[in-house]
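Protein chains in written order, with our numbering: chain U, 2 to 215; chain X, 2 to 215. Quick reminder that beta carbons are idealized off the backbone N, C-alpha and C, glycines included. Keep in mind that this is a model prediction, so the values were computed, not measured.
2 protein chains.
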Amino acid sequence: MNSKFTQIHKELTELLPAGLRTFCTTSVHERGERLFATGDKPAHMFFIGTGEVVLERAGAQGGSVVLQRTRHGFVGEASLQSARYHCDAKVIAPSDITQVPIREFRAAMDSDPAFAIRWIGMLSKEVKRLRLQCERLSLNKVQDRLIHLLETEGQQGKFPIGTGLKSLAGELGVTHEALYRCVSDLEKKGALKRDEKNIILLSEPPEVPHAPKQ
Amino acid sequence: MNSKFTQIHKELTELLPAGLRTFCTTSVHERGERLFATGDKPAHMFFIGTGEVVLERAGAQGGSVVLQRTRHGFVGEASLQSARYHCDAKVIAPSDITQVPIREFRAAMDSDPAFAIRWIGMLSKEVKRLRLQCERLSLNKVQDRLIHLLETEGQQGKFPIGTGLKSLAGELGVTHEALYRCVSDLEKKGALKRDEKNIILLSEPPEVPHAPKQ
DNA sequence: CGTACTTTTGAATCGCATCAAATCTGGTGG
DNA sequence: CCACCAGATTTGATGCGATTCAAAAGTACG
Chain U
2 MNSKFTQIHK ELTELLPAGL RTFCTTSVHE RGERLFATGD KPAHMFFIGT GEVVLERAGA
62 QGGSVVLQRT RHGFVGEASL QSARYHCDAK VIAPSDITQV PIREFRAAMD SDPAFAIRWI
122 GMLSKEVKRL RLQCERLSLN KVQDRLIHLL ETEGQQGKFP IGTGLKSLAG ELGVTHEALY
182 RCVSDLEKKG ALKRDEKNII LLSEPPEVPH APKQ
Chain X
2 MNSKFTQIHK ELTELLPAGL RTFCTTSVHE RGERLFATGD KPAHMFFIGT GEVVLERAGA
62 QGGSVVLQRT RHGFVGEASL QSARYHCDAK VIAPSDITQV PIREFRAAMD SDPAFAIRWI
122 GMLSKEVKRL RLQCERLSLN KVQDRLIHLL ETEGQQGKFP IGTGLKSLAG ELGVTHEALY
182 RCVSDLEKKG ALKRDEKNII LLSEPPEVPH APKQ
């Protein structure tokens with residue numbers, strides 16, 4: 002871990018009580034670092050300010066499956082309830098990360114009801130986001146998954162590529178070859194645009210208001 | 002809704018404060034009923050004691066995608082933070098369901114910190130479950146998804162079929178034909194057994210203890 | 001006994017994974 | 001500055017497995 006001073010993120014300041022923040026440390030982590038590994042006893046949760054971190058689990062044949070790619074937000078927050086981490090967290094791009102100690106987090110939650118309420122809000126949002134991701138992964142064409150991502154996670158159809166399309170492919174649960182071809186096709190059709198750092202959805206497909214009838 | 006008296010579920014009694022429970026009503030809902038629809042203003046969350054409920058969203062072409070299949074637990078709990086429901090909840094099998102009014106739920110949470118803490122525990126478990134579901138949906142063979150389900154959600158490899166395999170297929174994000182064939186193949190190979198109400202995984206594949214090295 | 005639904009099997013098609021290889025890119029060191 | 005390397009990007013060819021469409025048989029329920 003790089004010990005270079007970095008400012009704690011504003012979003013975190015608003016969420017965590019001051020007492021807990023004094024136990025937090027923020028620093029820059031380099032590509033390749035592992036925040037925690039499957040089976041470790043959870044001591045911290047992590048807040049990604051900027052950068053990129055993936056949660057992954059070793060698959061049956063040794064290949065790894067990306068559970069989640071986070072460029073901003075909490076990682077390891079479910080460890081609040083767990084005796085062990087159930088996945089690995091790996092830093093993919095240089096990241097600004099704040100460590101929050103679990104023990105002090107629990108104490109703060111017990112003594113500060115307003116904080117507990119704020120945390121419930123955070124978790125509820127996370128549940129909604131995960132449900133959307135499940136919906137996305139239920140689509141079986143690459144194109145559908147990509148468009149779903151741009152529509153649900155993008156800002157006006159604009160979605161930031163992080164480390165690159167390859168990393169995005171992992172998040173979408175497809176091979177990078179398939180994603181490259183899909184992006185290229187959509188570009189040729191004029192449904193999509195790319196710039197240095199973003200993918201932008203151009204044509205809004207006429208949304209069907211609602212399934213006509215069961 | 003059937004107004005026949007049914008007992009509030011014990012699990013719910015332990016989670017919700019007594020004051021809130023007085024606002025809850027438990028009743029039997031029949032197949033085909035809709036607990037809520039996309040766009041409705043959330044007034045209740047629902048606890049499924051027994052039965053089966055699916056959350057689904059209308060897909061682009063009018064087809065519906067199953068976000069989640071619940072046979073026991075909360076549905077619509079993320080609505081605590083939402084102005085609108087973001088999916089439909091449909092009753093698939095006769096179900097014992099407790100309605101919890103959102104307004105009173107919020108009030109109870111604000112006035113009862115211990116309840117808020119319990120709710121955080123519930124949400125954290127949900128987050129973990131959803132991450133596992135994402136992992137499952139990232140597998141691209143039906144067989145891998147099924148085995149993953151049996152290994153992560155089953156009790157000693159035993160997993161209760163609810164309404165039938167067709168409903169399970171929706172949860173796994175595959176067609177029912179593919180699932181039928183997969184189950185049949187695994188049965189022939191002796192890796193799987195079926196009885197009236199369960200699927201049982203027979204051979205535990207030699208679990209790799211841990212990925213050898215990054 | 002008819003209706004609605006699930007379960008089952010079959011056949012054809014399509015899209016993605018897979019394997020392979022070439023190009024491009026940014027960064028490092030000589 | 002250039003050679004070089006690791007990784008990302010891109011294109012191509014092939015095969016497998018799931019979807020899709022179709023149809024028949026089983027099952028529950030009124």
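- Counting only runs of 4 or more residues that sit fully inside the segment 30-81 of chain X, no alpha helix (DSSP H) segment turns up.
- Taking a contact as a CB-CB distance under 8 Å, the pair I200 (chain U) and I162 (chain U) counts as one, their CB atoms being some 6 Å apart.
- Collapsing the DSSP output to three states places Q134 (chain X) in a helix.
- Here the alpha carbons of K167 (chain X) and L180 (chain X) stand approximately 8 Å from one another.
- Counting only Cβ-Cβ distances below 7 Å, I93 (chain U) has no contacts in chain X at all, with the closest Cβ about 13 Å away.
- Around R70 (chain X), no beta-carbon contact reaches into chain U at under 9 Å, the shortest distance being about 11 Å.
- In this structure, I93 (chain X) lies away from E154 (chain X), with their beta-carbon atoms at least 8 Å apart.
- Looking at the backbone, the Cα of R85 (chain U) and that of G40 (chain U) are separated by about 5 Å.
- Annotation for H177 (chain U): L166, K167 and A170 place their beta carbon closer than 7 Å to its own, counting only its chain and skipping 5 residues before and after.
- Chain order gives the chain X residues near I121 (chain U) as L81, Q82, M110, A117, W120, I121 and L124, where near means a beta carbon separation below 9 Å.
- About 13 Å separates the CB atoms of G77 (chain U) and M123 (chain U); that is not less than 8 Å, and the two are not in contact.
- With at least 16 other beta carbons inside 10 angstroms of its own, Q69 (chain U) counts as buried.
- Neighbours of R58 (chain X) in chain U, taken as residues whose beta carbon is under 8 Å from its own, are E136 in chain order.
- Taking the beta carbon of G174 (chain X) as reference, the chain U residues within 9 Å of it are C135, L138, S139, L140 and N141, listed in sequence order.
- K129 (chain X) reaches chain U at A79, Q82, S83 and H87, counting residues in chain order whose Cβ is nearer than 8 Å.
- The CB of V66 (chain X) comes closer than 8 Å to the CB of E136, S139 and L140 in chain U, given here in chain order.
- A distance below 7 Å between beta-carbons, with the five flanking residues on each side excluded, links E57 (chain U) to the following residues of its chain, in chain order: S65, V66, V67, L68, C88, D89 and K91.
- Residue pairing by DSSP places T26 (chain X) opposite X:Q100 in a beta bridge.
- Taking 4 residues as the minimum length, the alpha helix (DSSP H) runs contained wholly in the segment 156-192 of chain X are 166-173 and 177-189, in order along the chain.
- For L203 (chain U), no beta strand (DSSP E) encloses it, and the DSSP letter there is neither H nor E.
- With respect to chain X, the C-beta atom of P114 (chain U) has a partner C-beta closer than 8 Å.
- Sequence-distant partners of F160 (chain X) (beyond 5 residues in either direction) whose C-beta falls short of 7 Å from its own C-beta, in its chain, are L150, L151, E154, N199 and I200.
- Cα atoms of I121 (chain X) and R130 (chain U): separation of roughly 17 Å, rounded to the nearest angstrom.
- In this chain, the alpha helix (DSSP H) harbouring H149 (chain X) covers V143 to E154.
- A direct Cα-Cα distance of roughly 54 Å separates E188 (chain X) from H10 (chain U).
- Put simply, the CB of R132 (chain X) is near chain U, with a gap under 8 Å to one of its CB atoms.
- A109 (chain X) is positioned such that its CB atom lies closer than 8 Å to that of L21 (chain X).
- L13 (chain X): member of the alpha helix (DSSP H) spanning K11 to L16, first to last residue.
- In terms of Cβ geometry, G174 (chain X) and S185 (chain U) do not form a close pair [threshold 8 Å].
- Of all alpha-carbon atoms in X:A59, X:F24 and X:F37, the one lying nearest the alpha-carbon of R104 (chain X) is that of X:F24.
- The three-state reading of DSSP puts A94 (chain U) in strand, counting E and B together.
- Per DSSP, reduced to three states, the secondary structure at K198 (chain U) is coil, with no helix or strand assignment.
- In this structure, the CA atom of T71 (chain U) is about 11 Å from the CA atom of T164 (chain U).
- Looking at the DSSP output, D111 (chain U) shares a beta bridge with no other residue.
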